[in-house]
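One structure below.
Numbering (full-length UniProt numbering), first residue to last: 1 to 222.
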């Protein structure tokens, strides 16, 4: 049970860091930086849990990492508070993955999702108490409700995935959030991708395809 609580805290803190960073940087850029979490998770799985990294999986993780670097170009942006928050969220997500693997199989994925969802309001309460609360439009409550449902569903699916696959096998598939964030950023905010973003997304897509091929290939390959 302690692993579940720590996991929920990491996820909740990562969510807060994500929201504060999102207020200052484009969604696609923020998502690209946070896509380093799967790379760290794969390394954690190999170093701590002894999970095997096949040749295809290793290539897919490396390609995904290169794609993220091309996409986000963190060096050119310089160090600032939004970048610090994005990196903090990335480290917290990697820690979350670690504690997800340590969660007992006797604890249902539904309970893990519930505790994760509840962690956010618990962590936000002190912020509201010190900074005050601004009334929200009824439409905002609807959007938050939808976000909560999707977040809970995503948590449940992720926990299920970690119980049937290694962190390295899961990592490249999480890169799919990057091209999806490009689409969402264009539809909602009108953000247009540049050449670097498109090249990075292409490498990330190839990484996902390699991971899928590795997952479906016989275990003696790689």
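Even glycine gets a Cβ: it sits at the ideal position worked out from N, Cα and C.
Residue i and residue j: beta carbons closer than 8 Å?
{"i": "residue 202", "j": "residue 56", "result": "no"}
{"i": "residue 99", "j": "residue 3", "result": "yes"}
{"i": "residue 41", "j": "residue 167", "result": "yes"}
{"i": "residue 155", "j": "residue 112", "result": "yes"}
{"i": "residue 108", "j": "residue 8", "result": "no"}
{"i": "residue 158", "j": "residue 101", "result": "no"}
{"i": "residue 89", "j": "residue 21", "result": "yes"}
{"i": "residue 32", "j": "residue 72", "result": "yes"}
{"i": "residue 11", "j": "residue 116", "result": "yes"}
On the three-state DSSP scale, how would you describe residue i?
{"i": "residue 133", "result": "coil"}
{"i": "residue 162", "result": "helix"}
{"i": "residue 102", "result": "coil"}
{"i": "residue 88", "result": "helix"}
{"i": "residue 82", "result": "helix"}
{"i": "residue 108", "result": "coil"}
{"i": "residue 121", "result": "helix"}
{"i": "residue 193", "result": "coil"}
{"i": "residue 174", "result": "helix"}
{"i": "residue 25", "result": "coil"}
{"i": "residue 96", "result": "helix"}
What are the boundary residues of the alpha helix (DSSP H) that residue i is part of?
{"i": "residue 11", "result": "2–22"}
{"i": "residue 38", "result": "36–48"}
{"i": "residue 181", "result": "177–189"}
{"i": "residue 69", "result": "55–72"}
Assuming the contact rule is C-beta atoms closer than 8 Å, residue i and residue j should be a hit. Round their C-beta distance to whole Å, please.
{"i": "residue 131", "j": "residue 35", "result": "At roughly 30 Å, the Cβ-Cβ gap does not stay under 8 Å, so residue 131 and residue 35 are not in contact."}
{"i": "residue 28", "j": "residue 193", "result": "7 Å"}
{"i": "residue 70", "j": "residue 199", "result": "6 Å"}
{"i": "residue 14", "j": "residue 96", "result": "7 Å"}
{"i": "residue 86", "j": "residue 16", "result": "The pair is not a contact, with the Cβ atoms about 12 Å apart (cut-off 8 Å)."}
{"i": "residue 67", "j": "residue 207", "result": "7 Å"}
{"i": "residue 65", "j": "residue 39", "result": "5 Å"}
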